[in-house]
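These notes concern the structure reproduced below.
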Ligand SMILES: [Fe+2]
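Numbering (the numbering used here), first residue to last: 13 to 418.
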């Protein structure tokens, strides 16, 4: 019997034709999930968890147009996962976190990026820098798939797959993200590009940490991903309206979800900022607006949250309120077409009636590196070459401060 098990495990290793690196994602109730995408359904590989074989199983049902994903739940307390030459450390505490968002190459009607030009679409370089930063955790704040339409006739640089299918997900996320995928466990937030009307199948099948239901939900239940003493609430705002008009039913939904996290989390990760400075063109003034979950936040007033991490705006923003409102980080600068708004400080202004004590806003490609210090978490905004552009200290405290490095 033992020989048979050994031979079948060995055969599974040999057969595995994996299309992506193995990645680990954090899920509800302390779950750590190892996943990998394979060529055919019978190729789910056997990994090693702390040196012991860990068999992955097919994630079902496999949607039409998608390559199969395999999954294994890590035994509690697993410290490392190995497959081939790649080993992923599963940390027991967090000291370094990379935050990135809005990463795909925009190809939608006439609004396009040259996906084959790393200057114009640098997500691959950003992912390599994330790996080099040796994070304990990577947080993606949503919006993975931007290749929604075929490359227009006569346009250059954007030929390739499009739509909610494996080839487009591979081109827009899995291939460029590869260096960072195995660098550390991930938390994935759902963006509006993964809403029910857009690329939700790839989201729910590949990235959502719950079991796959074979269809797309409008909302997901919030959950708490905890590592060591840091409790991170993950909120799905993918289906939130984007028109800045009142949506009472949506406000009730988000208030209900936020109430479930109240008093139980230190940070909240979602796609839509709760607070943000808008932009419409190069000449428009900075305009503070409440983001999509804002009415729900006002109704629920969740307690104990020190920092909200979001994306959606294609730039970097940090808004430190320094009061009883959490500070807001926006990390939507991971690769998709940047906002046109010129860089501007926002300290001293007000947002939704509260003064901004420390703030930065800059539309440049990169990611945010958070690191734990003696008196709170500090951040560095790093560009696609790894250069530090600005720093903010104590971003989870009532006394944040930011400083440009240029
Ligand atoms: Fe978005």
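Glycine is no exception: its CB is placed at the ideal position from the N, C-alpha and C atoms.
My parser needs the beta strand (DSSP E) runs of 3 or more residues fully inside the segment 246-282; what are they? 279-281
Beta carbon nearer than 5 Å to a non-hydrogen atom of ligand 1: 155, 203, 204 and 324
Between the segment 272-281 and the segment 314-324, are three or more C-beta pairs nearer than 8 Å? yes
Cα-Cα separation between residue 405 and residue 107, rounded to whole angstroms: Looking at the two C-alpha atoms, the distance is approximately 14 Å.
From 183, 85, 54 and 92, residue whose alpha carbon lies closest to that of residue 156: 183
Please name the residue, chosen from 342, 33, 147 and 209, that lies closest to residue 94 on a Cα-to-Cα basis. Residue 94 has its Cα closest to that of 33, out of 342, 33, 147 and 209.
Whole-angstrom distance between residue 241 and residue 387, CA atom to CA atom: 15 Å
Taking buried to mean at least 16 other C-beta atoms within 10 Å of its own C-beta, is residue 269 buried or exposed? buried
Could you please give the first and the last residue of the uninterrupted beta strand (DSSP E) stretch that includes residue 31? From DSSP, residue 31 is part of no beta strand (DSSP E); its letter is neither H nor E.
At what residues does the alpha helix (DSSP H) containing residue 340 begin and finish? Here residue 340 belongs to no alpha helix (DSSP H); instead the beta strand (DSSP E) covers 339-343.
Cβ atoms of residue 321 and residue 341: under 9 Å apart, would you say? yes
Note down, in chain order, each residue of its chain lying with its Cβ closer than 6 Å to the Cβ of residue 18, except the 5 sequence neighbours on either side. Unreliable placement is indicated for residue 18, whose pLDDT of 42 sits below 50; the coordinate value is still reported in the next sentence. There are no such residues.
On the three-pair Cβ rule with 8 Å, is the segment 159-170 touching the segment 111-120? yes
So is residue 125 buried or exposed if we call it buried at 16+ other beta carbons inside 10 Å? buried
How is residue 205 classed by DSSP in three states: helix, strand or coil? helix
Report, in whole angstroms, the separation of the C-beta atoms of residue 375 and residue 392, which I expect to be a contact under 8 Å. Their Cβ separation, rounded to whole angstroms, is 17 Å, which puts residue 375 and residue 392 out of contact at 8 Å.
The alpha helix (DSSP H) that contains residue 238, what's its start and end? Careful: residue 238 lies outside any alpha helix (DSSP H), inside the beta strand (DSSP E) at 235-239.
If the criterion is Cβ atoms closer than 9 Å, does the pair residue 303 and residue 152 meet it? no
With a threshold of 6 Å on Cβ separation, who are the neighbours of residue 30 within its own chain once the five nearest residues in sequence on each side are excluded? 48 and 50
State the DSSP-derived secondary structure class of residue 446, mapped to helix, strand or coil. This structure does not reach residue 446, given that the chain is present from 13 up to 418, and the question cannot be answered.
Residue 336 versus residue 164: straight-line alpha-carbon distance, rounded: 49 Å
Span of the beta strand (DSSP E) holding residue 61? 58-61
Roughly how many angstroms separate the alpha carbons of residue 244 and residue 146, rounded to a whole number? 20 Å
Beta strand (DSSP E) containing residue 384: first to last residue? 378-385
Proximity winner among 308, 311, 289 and 309, relative to residue 301 (alpha-carbon distances): 289
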